Amino acid sequence: MDRGDIFSEIRRRAKYVAREASHVRIEEGRIPKYAASLPIDRIDELGFDPAYHYYGDEEASAAYIVTLDSINFGSGHFPHLRKRPGRSGYMTIAASLADRFRREGPIPPERLAEIDEMECALIFGQDLSDPTIAELMGLYARALNDLGRDLIERFDGSFLGLIASADRSAGRLVEILSAQPFFRDVARYRGMEVPFYKRAQILASDLSLAFDRSGPGRFDDIESLTIFADNLVPHVLRIDGILTYDAALAERIEKGELIEAGSEEEVEIRACAVHAVELIVAALREDGVRIGPRRIDLLLWNRGQSPAYKRPPRHRTRTVFY
Numbered sequence: 239m240d241r242g243d244i245f246s247e248i249r250r251r252a253k254y255v256a257r258e259a260s261h262v263r264i265e266e267g268r269i270p271k272y273a274a275s276l277p278i279d280r281i282d283e284l285g286f287d288p289a290y291h292y293y294g295d296e297e298a299s300a301a302y303i304v305t306l307d308s309i310n311f312g313s314g315h316f317p318h319l320r321k322r323p324g325r326s327g328y329m330t331i332a333a334s335l336a337d338r339f340r341r342e343g344p345i346p347p348e349r350l351a352e353i354d355e356m357e358c359a360l361i362f363g364q365d366l367s368d369p370t371i372a373e374l375m376g377l378y379a380r381a382l383n384d385l386g387r388d389l390i391e392r393f394d395g396s397f398l399g400l401i402a403s404a405d406r407s408a409g410r411l412v413e414i415l416s417a418q419p420f421f422r423d424v425a426r427y428r429g430m431e432v433p434f435y436k437r438a439q440i441l442a443s444d445l446s447l448a449f450d451r452s453g454p455g456r457f458d459d460i461e462s463l464t465i466f467a468d469n470l471v472p473h474v475l476r477i478d479g480i481l482t483y484d485a486a487l488a489e490r491i492e493k494g495e496l497i498e499a500g501s502e503e504e505v506e507i508r509a510c511a512v513h514a515v516e517l518i519v520a521a522l523r524e525d526g527v528r529i530g531p532r533r534i535d536l537l538l539w540n541r542g543q544s545p546a547y548k549r550p551p552r553h554r555t556r557t558v559f560y
């Protein structure tokens, strides 16, 4: 896929899935009022929170963000995760990695290439006697092994070298990262490939936020990103009345059943969330507000941290993509 078309292709395929979906529906009639209700003026207050992230010099900060986003998945495993008090699963992982960086500095690519599930469990404060957590730590180790080898083989062991190779293009960064299997976030839906590239996109966005859109955080096409389709933003859209799930899917989620990765239901949830936010962005544009989907994602993701959104069950899928 040509890098200039990556984001338009995500949009086109998501729109197709939304149109064909059997299990998820976008309540399009509610979107103009919903878009107008969003506190757009608050988005600039949201960013890469230093409370549970790491900031060091340029190379160390870049190393932290790249390392974190290489393991920015596990939401389907998180009900089993030993969480820090008052922290979500993601915040627990981010804060644990930040503590490791503060104690010992960045994890060298040579170490990443060899790290195993036992060392991951130590870094993230987890118990391998739980089979679900043992599986997740094993997946984290594989993701970090892939990252370490890729850094050594293609970028002379440099995190900044990886970023610089994208030549200030988020689309190019997505393309580069997709060489690593756990970044290759492409589903199949009724015989058609449906790309999401959630974690590759969020890496570009996190770099942009952390470096204030300059240096390693400068991507000239940053506003071309879509939302980062996971299990939280669709949940927020559902609670807010923008997405509706059919009765069978809603019942399965309510019971806490796992939704299989790559199933029609899971692909529809993610794709409909992508397309719904595209419609929200279009509605805002009609009102003279120009804002990209990634910033709407930031707003909705932070909204999802409040108890009113955390209490109702959301869909859980065990996947390396979110």
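Numbering (our numbering), first residue to last: 239 to 560. Beta carbons: idealized from backbone N, C-alpha and C, even for Gly. Note that this is a predicted model, so its numbers are computed, not measured.
Between the Cα of residue i and those of the options, spot the shortest distance and give me the residue it belongs to.
| i | options | result |
| --- | --- | --- |
| residue 303 | 467, 483, 529 and 440 | 440 |
| residue 479 | 269, 249 and 244 | 269 |
| residue 380 | 472, 305 and 411 | 305 |
| residue 332 | 353, 317, 308 and 315 | 308 |
| residue 510 | 427, 341, 462 and 444 | 427 |
| residue 415 | 429, 548 and 436 | 436 |
| residue 425 | 504, 405, 471 and 466 | 504 |
| residue 372 | 272, 544, 356 and 438 | 356 |
| residue 324 | 544, 399 and 299 | 544 |
| residue 403 | 420, 433, 457 and 443 | 457 |
Short of 7 Å in beta carbon distance, which residues of its chain neighbour residue i, apart from the five on each side in sequence? Order them along the chain.
| i | result |
| --- | --- |
| residue 301 | 344 and 397 |
| residue 449 | 455 |
Just the C-alpha distance for residue i and residue j, rounded to the nearest angstrom, thanks.
| i | j | result |
| --- | --- | --- |
| residue 322 | residue 537 | 23 Å |
| residue 241 | residue 464 | In this predicted model, residue 241 has a pLDDT of only 47, less than 50, meaning its place in the structure is not dependable; the value taken from the coordinates is given anyway. Taking the straight line from one Cα to the other gives about 14 Å. |
| residue 382 | residue 294 | 20 Å |
| residue 508 | residue 365 | 31 Å |
| residue 239 | residue 459 | Any reading at residue 239 is ruled out, since the residue's pLDDT is 46, under 50, leaving its predicted position unreliable. |
| residue 257 | residue 418 | 31 Å |
| residue 431 | residue 422 | 12 Å |
| residue 518 | residue 339 | 38 Å |
| residue 387 | residue 523 | 43 Å |
| residue 559 | residue 542 | 19 Å |
| residue 251 | residue 528 | 23 Å |
| residue 535 | residue 515 | 8 Å |
| residue 401 | residue 310 | 18 Å |
| residue 409 | residue 246 | 10 Å |
| residue 377 | residue 555 | 14 Å |
| residue 547 | residue 477 | 7 Å |
| residue 272 | residue 513 | 15 Å |
Go through its chain and collect everything with a Cβ distance to residue i's Cβ below 6 Å, but skip five positions before and after it.
| i | result |
| --- | --- |
| residue 285 | 447 |
| residue 562 | Past the edges of the chain, shown from 239 to 560, lies residue 562, and the structure says nothing about it. |
| residue 359 | 366 and 375 |
| residue 329 | 290 |
| residue 244 | 409 and 412 |
On the DSSP letters alone, give me the boundaries of the beta strand (DSSP E) that residue i sits inside.
| i | result |
| --- | --- |
| residue 433 | 430–433 |
| residue 305 | Run containing residue 305: none in the beta strand (DSSP E); it sits in the alpha helix (DSSP H), 296–308. |
| residue 481 | 481–483 |
| residue 262 | 262–264 |
Below 8 Å CB to CB, which residues in the same chain sit around residue i once its five sequence neighbours on both sides are set aside?
| i | result |
| --- | --- |
| residue 390 | 347, 348 and 351 |
| residue 570 | The displayed coordinates of the chain run from 239 to 560. Any statement about residue 570 would go beyond what the structure contains. |
I need the boundaries of the alpha helix (DSSP H) containing residue i, first residue and last residue.
| i | result |
| --- | --- |
| residue 256 | 244–258 |
| residue 390 | 369–393 |
| residue 497 | Residue 497 -> no alpha helix (DSSP H), and no H or E assigned at all. |
| residue 541 | 531–541 |
| residue 472 | 471–477 |
Segments of 3+ residues assigned as beta strand (DSSP E) that fall wholly inside the region 403–446: 424–427 and 430–433
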